[in-house]
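Protein chains in written order, with numbering that gives the first Met the number 0: chain A, 0 to 354; chain B, 0 to 329. Yeah, the Cβ is synthetic: ideal placement off N, Cα and C, and Gly gets one too.
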Amino acid sequence: MKKKMVGMLLCAAMVVSLIAGCGNSGADKEGSKAEDVKKADDSGKKVYALVTKSAGNPFMDIIAGGFTDVIEAAGGEVIVRHPEAATADAQVSVIQSLISQGVDSITVSANDQNALQAALEEAMDAGIKISGLDSATNADSRQVFVNQASDAEIGKTLMEAIYDIAGGEGQWAILSATSQATNQNAWIAAMQEAMKDDKYSKLELTEIAYGDDEPQKSTDQTQALLSKYPDLKVICSPTTVGINAAAKVLQDDHSSVKLTGLGLPSELAEYMGDGDDKSCPYMYLWNPIELGQLGGYTAMALVNGEITGAEGESFKAGDLGDYEIIKAKDGGTEVVLGPLFKFDSSNINEWKDVF
Amino acid sequence: MKKNKSILKTITTSREISLLVVLVLLCAAITIKSPSFMTYKSIIDMLRNNTVTMIMAVGMLGILLIGGIDISVASSLALSGMTAGMLMKYGVVKNVFLIFLIAMAIGGLCGLINGLVISRGKVLPIIATMGAMYVYRGLAYLVANNEWVSAEDLGTFSSFALDKFWGINYVIWVLIGVYALFFVMMKWTRLGRKVYAVGSNKEAASISGINISNVELFVYVMMGILAGICGTIAVSVYSSAQPNMLYGKEMDIIAACVIGGVSMSGGRGSVAGALLGGLVLAAIAKALPLVGIEAIAQNTVKGVIILVVIILNVITQRTIDRNNLKEREI
Numbered sequence: 000m001k002k003k004m005v006g007m008l009l010c011a012a013m014v015v016s017l018i019a020g021c022g023n024s025g026a027d028k029e030g031s032k033a034e035d036v037k038k039a040d041d042s043g044k045k046v047y048a049l050v051t052k053s054a055g056n057p058f059m060d061i062i063a064g065g066f067t068d069v070i071e072a073a074g075g076e077v078i079v080r081h082p083e084a085a086t087a088d089a090q091v092s093v094i095q096s097l098i099s100q101g102v103d104s105i106t107v108s109a110n111d112q113n114a115l116q117a118a119l120e121e122a123m124d125a126g127i128k129i130s131g132l133d134s135a136t137n138a139d140s141r142q143v144f145v146n147q148a149s150d151a152e153i154g155k156t157l158m159e160a161i162y163d164i165a166g167g168e169g170q171w172a173i174l175s176a177t178s179q180a181t182n183q184n185a186w187i188a189a190m191q192e193a194m195k196d197d198k199y200s201k202l203e204l205t206e207i208a209y210g211d212d213e214p215q216k217s218t219d220q221t222q223a224l225l226s227k228y229p230d231l232k233v234i235c236s237p238t239t240v241g242i243n244a245a246a247k248v249l250q251d252d253h254s255s256v257k258l259t260g261l262g263l264p265s266e267l268a269e270y271m272g273d274g275d276d277k278s279c280p281y282m283y284l285w286n287p288i289e290l291g292q293l294g295g296y297t298a299m300a301l302v303n304g305e306i307t308g309a310e311g312e313s314f315k316a317g318d319l320g321d322y323e324i325i326k327a328k329d330g331g332t333e334v335v336l337g338p339l340f341k342f343d344s345s346n347i348n349e350w351k352d353v354f
Numbered sequence: 000m001k002k003n004k005s006i007l008k009t010i011t012t013s014r015e016i017s018l019l020v021v022l023v024l025l026c027a028a029i030t031i032k033s034p035s036f037m038t039y040k041s042i043i044d045m046l047r048n049n050t051v052t053m054i055m056a057v058g059m060l061g062i063l064l065i066g067g068i069d070i071s072v073a074s075s076l077a078l079s080g081m082t083a084g085m086l087m088k089y090g091v092v093k094n095v096f097l098i099f100l101i102a103m104a105i106g107g108l109c110g111l112i113n114g115l116v117i118s119r120g121k122v123l124p125i126i127a128t129m130g131a132m133y134v135y136r137g138l139a140y141l142v143a144n145n146e147w148v149s150a151e152d153l154g155t156f157s158s159f160a161l162d163k164f165w166g167i168n169y170v171i172w173v174l175i176g177v178y179a180l181f182f183v184m185m186k187w188t189r190l191g192r193k194v195y196a197v198g199s200n201k202e203a204a205s206i207s208g209i210n211i212s213n214v215e216l217f218v219y220v221m222m223g224i225l226a227g228i229c230g231t232i233a234v235s236v237y238s239s240a241q242p243n244m245l246y247g248k249e250m251d252i253i254a255a256c257v258i259g260g261v262s263m264s265g266g267r268g269s270v271a272g273a274l275l276g277g278l279v280l281a282a283i284a285k286a287l288p289l290v291g292i293e294a295i296a297q298n299t300v301k302g303v304i305i306l307v308v309i310i311l312n313v314i315t316q317r318t319i320d321r322n323n324l325k326e327r328e329i
């Protein structure tokens with residue numbers, strides 16, 4: 000009996016020490032949470048708040064950087080708040096504290112489409128301008144949403160890339176994530192829509208394969224595509240795990256098949272280049288810095304009354320150019336950042352360290 | 000007495016032989032539909048892409064043999080793989096051998112905790128390892144700290160999965176090595192026989208002087224060490240480490256064992272069976288996209304094939320048992 004107790008105590012001690020050992024990294028992150036918070040004083044400056052999805056997310060940090068730069072350059076003041084966790088709850092308490100601070104505008108990347116509605120409506124009642132970016136809230140809880148790219152734009156851009164890489168004709172295939180993924184299916188549908196153009200009549204879509212965003216399955220699917228279609232010229236994978244697995248298979252096999260799609264530059268850097276030894280000549284994703292900048296310009300336009308968030312209004316977003324507010328699919332309105340950002344051998348080295 | 004032994008021998012081997020026949024038939028059917036399946040390259044690709052499942056299956060064999068189960072394996076794999084990846088990304092450790100050792104130590108520690116909780120704490124294996132599954136996966140996310148390890152961060156380590164020795168991939172050498180080791184251990188060493196003894200009759204094993212909880216501890220630690228090896232291999236094969244890697248793969252690993260004729264209630268199963276079970280799963284995964292079954296139907300077909308193989312296997316086992324009893328005139 001005694002022996003058993005000792006054993007159990009030992010187990011407990013090990014588990015506790017394991018958890019304690021790993022707690023440190025978490026604590027460091029939270030330390031940085033408060034440092035960006037500046038007091039919203041009455042110096043006459045407009046105060047713009049950005050609520051990100053969570054702390055420690057590299058992609059969000061870059062967006063916040065772009066947002067801060069343009070507003071501070073225009074003489075505004077910026078508060079960036081990272082919620083403690085990537086949940087709607089954590090965002091709600093952040094938003095409530097911003098309301099009591101009396102900020103002029105809140106831009107939020109929502110962790111939940113609907114859960115922020117009460118807090119954001121309260122903010123709008125208090126006269127605060129609400130916009131969203133990266134991840135949308137529902138139409139009722141915002142004035143306008145800053146969308147990274149429209150489905151149609153993604154479809155057109157990817158088709159053009161396939162056309163270009165294939166040399167205008169030949170077989171190509173899609174490697175997607177799961178067959179139910181909403182965004183993937185919307186993009187594939189947009190590609191098929193774009194394909195109806197006569198220009199692409201010599202391109203033949205052989206198959207849409209699903210790798211379930213699993214490296215193992217994506218590898219099997221890519222290898223199967225290669226042996227089933229010996230004349231295949233291009234694989235297009237609009238998902239980060241898929242494009243990574245496919246890039247590895249093609250490059251290891253020294254295959255003549257080339258790859259494009261949507262992916263993270265840091266993940267694809269190894270495979271990107273124009274030579275035969277590299278599998279991916281170029282690929283796309285949205286530019287998070289510009290997304291942050293457009294978010295900043297949109298918030299400023301809302302606060303100075305240039306726009307109200309209604310369909311058909313337009314405003315100037317600094318160097319990014321002029322933007323028009325259009326109707327979004329969810330019934331609200333949005334601004335679309337525009338063309339996707341192209342990553343190729345010329346710029347991959349500066350981007351791979353960014354995200 | 001002598002006759003009895005030879006019958007026993009045929010039984011243990013013939014079950015695997017029947018599975019081998021199924022595997023050969025399966026491969027033949029696939030090859031007819033898609034001739035490119037039976038090429039050297041395709042087979043090597045298949046083995047390399049499924050090494051992880053196959054190595055883990057032999058560890059799971061040990062656990063299933065004593066009547067246990069471990070559903071935390073994919074999580075301990077992710078934790079050790081992610082740690083190995085991060086160590087390489089930040090250039091802390093560069094030596095491939097050392098990376099393997101560290102990952103094995105982490106995996107082994109995960110297994111040790113499981114083993115202690117189960118053997119000393121007397122917690123049900125499925126409950127203990129379910130808790131561990133969340134803890135280890137969570138730790139993998141903490142280690143990753145919102146970062147992924149990409150091909151470029153890994154540098155030359157990716158070539159471990161590409162380089163060859165005597166014409167065969169290093170990864171496949173590891174697979175062969177692990178199986179050879181386990182084959183010898185389970186068949187001819189005292190430790191291996193103790194695992195079988197505990198699995199087939201715990202009381203009898205205990206009375207005969209076997210320390211049951213030590214045997215339990217051993218199989219879980221072994222599983223953990225294999226998970227560590229596999230974590231490193233997975234990082235190398237896919238040139239990428241993400242905290243969610245091989246999410247949900249524990250089911251495939253258990254399935255490989257069950258297809259291979261390993262009993263979930265303990266005592267019955269062999270290393271050759273686990274190998275064949277793993278190969279059947281690998282062949283199915285490789286073949287489904289090849290033979291042109293529509294993507295959305297692939298999982299259904301996979302499930303049906305697994306069920307058919309298991310049913311065939313059970314029927315063979317029953318026939319063997321019946322013949323066996325008949326010969327002994329019972």
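Report the CB separation of residue i from residue j in whole angstroms; it is logged as a contact under 8 angstroms.
{"i": "M282 (chain A)", "j": "G262 (chain A)", "result": "5 angstroms"}
{"i": "L289 (chain B)", "j": "K315 (chain A)", "result": "Actually they do not touch by this definition, with Cβ atoms about 54 angstroms apart."}
{"i": "Q142 (chain A)", "j": "I129 (chain A)", "result": "5 angstroms"}
{"i": "C256 (chain B)", "j": "M59 (chain B)", "result": "5 angstroms"}
{"i": "Y47 (chain A)", "j": "I70 (chain A)", "result": "5 angstroms"}
Where does the unbroken beta strand (DSSP E) through residue i begin, and where does it stop?
{"i": "W171 (chain A)", "result": "169–175"}
{"i": "R80 (chain A)", "result": "76–80"}
{"i": "L261 (chain A)", "result": "Run containing L261 (chain A): none; DSSP gives neither H nor E here."}
{"i": "Y283 (chain A)", "result": "281–284"}
{"i": "S104 (chain A)", "result": "104–107"}
{"i": "L49 (chain A)", "result": "46–50"}
{"i": "D343 (chain A)", "result": "340–343"}
Using the beta-carbon count (16 or more within 10 Å), is residue i buried or exposed?
{"i": "L174 (chain A)", "result": "buried"}
{"i": "L123 (chain B)", "result": "exposed"}
{"i": "P82 (chain A)", "result": "buried"}
{"i": "V333 (chain B)", "result": "Given a span of 0 to 329 for chain B in the structure shown, any question on residue 333 (chain B) remains unanswerable."}
{"i": "E333 (chain A)", "result": "buried"}
{"i": "K257 (chain A)", "result": "buried"}
{"i": "L280 (chain B)", "result": "buried"}
{"i": "R327 (chain B)", "result": "exposed"}
{"i": "G114 (chain B)", "result": "buried"}
{"i": "E213 (chain A)", "result": "buried"}
{"i": "F156 (chain B)", "result": "buried"}
{"i": "F164 (chain B)", "result": "exposed"}
{"i": "D320 (chain B)", "result": "exposed"}
{"i": "N348 (chain A)", "result": "exposed"}
{"i": "Q179 (chain A)", "result": "exposed"}
{"i": "V57 (chain B)", "result": "buried"}
{"i": "S200 (chain A)", "result": "exposed"}
{"i": "E310 (chain A)", "result": "exposed"}
{"i": "E266 (chain A)", "result": "buried"}
{"i": "M37 (chain B)", "result": "exposed"}
Which residue marks the beginning of the alpha helix (DSSP H) containing residue i, and which one marks its end?
{"i": "N184 (chain A)", "result": "181–194"}
{"i": "N298 (chain B)", "result": "297–326"}
{"i": "V57 (chain B)", "result": "39–64"}
{"i": "V270 (chain B)", "result": "270–289"}
{"i": "D329 (chain A)", "result": "Per DSSP, D329 (chain A) belongs to no alpha helix (DSSP H) and is neither H nor E."}
{"i": "F99 (chain B)", "result": "95–118"}
{"i": "G130 (chain B)", "result": "124–143"}
Going by DSSP, which residues form a beta bridge with residue i?
{"i": "D321 (chain A)", "result": "A:K315"}
{"i": "C235 (chain A)", "result": "A:I173, A:T259"}
{"i": "N168 (chain B)", "result": "B:K163"}
{"i": "E203 (chain A)", "result": "A:Q170"}
{"i": "V208 (chain A)", "result": "At residue 208 (chain A) the sequence reads Ala, which differs from the Val that was named. Answer is A:L174."}
{"i": "V145 (chain A)", "result": "A:L132, A:V334"}
Between the Cα of residue i and those of the options, spot the shortest distance and give me the residue it belongs to.
{"i": "K32 (chain B)", "options": "A:A223, A:I324, A:L284", "result": "A:A223"}
{"i": "A273 (chain B)", "options": "B:M129, B:P34, B:M185, B:L24", "result": "B:M185"}
{"i": "A185 (chain A)", "options": "A:K201, A:I164, A:K155", "result": "A:K155"}
{"i": "N182 (chain A)", "options": "A:K326, A:S236, A:V302, A:E266", "result": "A:S236"}
{"i": "T221 (chain A)", "options": "A:L204, A:A245, A:L202", "result": "A:A245"}
{"i": "L202 (chain A)", "options": "A:G169, A:Q215, A:D219", "result": "A:G169"}
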